[in-house]
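Engineer: If you read the sequence shown in full-length UniProt numbering, its first letter stands for residue 1, the second for the next number, and so on.
Virtual Cβ for every residue (Gly too), placed ideally from N, Cα, C.
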Amino acid sequence: MYQVVLERVSEYGREEMREALARLLEPLGGMERYVKPGERVLIKPNLLSAKPVEAAVTTHPELLRAVILEVRRAGGVPLVGDSPGVGSGRRVAERCGIMAVIEETGAEFVPFNESLPVAGVGTFKEFLLARPYLEADRLINLPKLKTHEMMTMTCCVKNLFGAVVGTAKAAWHLKAGADKELFANMLLELYRLREPDLNIVDAVVAMEGNGPGSGDPCPVGVLLAGDNAVAVDQVAARVAGIPRQLLYLESAARRMGLPGTNPEEVAVLGPDPDQVLERPLRLPHLSDVQFGLPGFLKNRLRNQFTSRPEAAPDKCELCSVCVKACPPAAIRVQGGRLRFDYQRCIRCFCCRELCPHAALTLKDGWLLWLMKKSGRSL
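#1: Of the residues Met-17, Tyr-2, Gln-3, which one's Cα is nearest the Cα of Val-205?
#2: Let me know the secondary structure DSSP gives His-60 once reduced to three states.
#3: Per the DSSP calculation, Thr-123 is bridged to which residue(s)?
#4: Compute the beta-carbon to beta-carbon distance between His-285 and Cys-316, rounded to the nearest angstrom, for a pair I have assumed lies under 8 angstroms.
#5: Using the beta-carbon count (16 or more within 10 Å), is Gln-343 buried or exposed?
#6: Leaving aside the five residues before and after Arg-254 along the sequence, list all residues of the same chain whose C-beta is less than 7 angstroms from its C-beta, in chain order.
#7: Suppose you measure from the CA of Ala-330 to the CA of Arg-33; what does that come to, to the nearest Å?
#8: Go ahead and pull the three-state DSSP assignment for Val-92.
#9: Note down the Cα distance separating Pro-273 from Thr-59, rounded to an integer number of angstroms.
#10: Between which two residues does the beta strand (DSSP E) carrying Cys-218 extend?
#11: Applying the 10 Å Cβ sphere with the 16-neighbour rule, what's the burial state of Cys-319?
#12: Does the pairing of the stretch 6-26 with the stretch 114-129 give three or more beta-carbon distances under 8 angstroms?
#13: Please say whether Ile-140 and Asp-197 have beta carbons closer to each other than 8 angstroms?
#14: Please classify Lys-146: is it buried, with 16 or more other beta-carbons within 10 angstroms of its beta-carbon, or exposed?
#15: For Lys-125, count neighbouring Cβ atoms within 10 angstroms of its own Cβ and tell me buried if that reaches 16, exposed if not.
#16: Where does Pro-313 land, buried or exposed, given buried means 16+ other C-beta within 10 angstroms?
#17: Taking all protein chains shown into account, decide if Gly-177 is buried (16 or more other Cβ within 10 angstroms of its Cβ) or exposed.
#18: Inspect the CB distances between the stretch 55-71 and the stretch 90-98 and report whether three or more fall short of 8 angstroms.
#19: Within a Cβ cutoff of 8 angstroms, which residues of the same chain sit near Val-333, ignoring the five residues on either side of it in sequence?
#20: How should Gln-275 be labelled, buried or exposed, when 16 other C-beta atoms within 10 angstroms of its C-beta is the threshold for buried?
#21: First and last residue of the alpha helix (DSSP H) that includes Ala-229?
#22: Pick helix, strand or coil for His-357, following the three-state DSSP scheme.
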């Protein structure tokens with residue numbers, strides 16, 4: 001059995017987080033089970049982009065503080081690192097309050113700048129992953145529970161994509177991001193290269209709507225923890241109220257036969273995850289119904305069965321973050337506005353995920369619009 005623990009906590013107060021974390025870890029054996037004296041422990045938060053903590057885009061700094069202090073109490077040496085989609089990890093950490101906690105606690109910030117090659121375990125033959133991620137003695141995964149426009153939900157497994165350094169993420173989107181099933185397979189193969197020793201999920205305030213970067217904060221009021229990232233994700237999805245058929249990572253994990261996918265092998269300790277919220281998290285805009293279509297129809301009807309990104313002129317500041325982040329280079333600035341090449345666009349929505357001004361909207365293709373209007377179940 002894989003244990004997943006839930007602990008209620010309503011706010012991010014410093015003492016409240018320390019006490020809640022201790023209660024959360026107690027049924028698992030405490031931090032001492034995962035960290036031995038002298039071990040270098042990499043704590044990997046979600047540092048997606050440089051937005052303020054109240055936007056709920058990144059892991060809350062007070063949860064990080066509590067984890068750092070627990071690691072040190074167990075005798076470990078705490079390191080903190082991640083690689084955002086755009087910009088430096090240090091800048092993002094400074095903007096969201098993470099760097100202040102690192103400095104106040106005396107932890108070490110380890111930038112994900114250098115990569116090492118690692119042989120793959122399945123479809124993908126090689127990954128280039130951050131050196132600190134591979135060389136730490138222990139790995140504690142600290143994701144934020146959020147909706148995700150491509151994968152429906154981002155939590156433990158998806159958070160490990162941050163081990164891919166900087167712009168190399170765009171290459172993976174280009175290689176696998178045009179197909180949700182293939183992208184889910186890639187994320188799970190990356191996860192299997194180094195499974196976290198411990199996963200602690202920040203769901204005190206989650207994100208709903210157009211996550212992971214432009215959604216809305218939603219109070220949920222729980223922390224989750226467990227050894228097995230797939231099992232923790234499964235329980236987090238129940239907390240969020242997301243239907244299983246929309247969980248591409250969970251479906252891929254079941255196909256691959258990974259441990260933690262069978263609900264009968266997961267023991268939940270604490271509140272009933274199905275009763276934490278009175279209503280499910282609001283899901284992202286339904287943007288794509290082409291998956292599962294035959295290849296020849298996908299090519300012909302892709303623009304009609306999908307949504308496409310567009311810029312809102314009153315919000316777009318032509319900062320070119322989306323231009324630089326777009327994996328297939330399908331966006332350019334021309335004539336004082338953004339121009340999109342929809343034949344090249346792979347609908348990964350990295351542009352929306354990383355836009356600092358929430359200036360990109362989605363426009364449905366006419367078949368997708370018609371299906372929504374008719375109320376057809378998709």
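Structural biologist: According to the structure shown:
#1: Met-17
#2: coil
#3: Answer is none; Thr-123 lacks a bridge partner.
#4: About 18 angstroms separates the two Cβ atoms, so there is no contact after all.
#5: exposed
#6: Thr-261
#7: 48 angstroms
#8: helix
#9: 21 angstroms
#10: 216-226
#11: exposed
#12: no
#13: yes
#14: buried
#15: exposed
#16: exposed
#17: buried
#18: yes
#19: Leu-318, Ser-320, Val-323, Arg-339
#20: exposed
#21: 229-240
#22: coil
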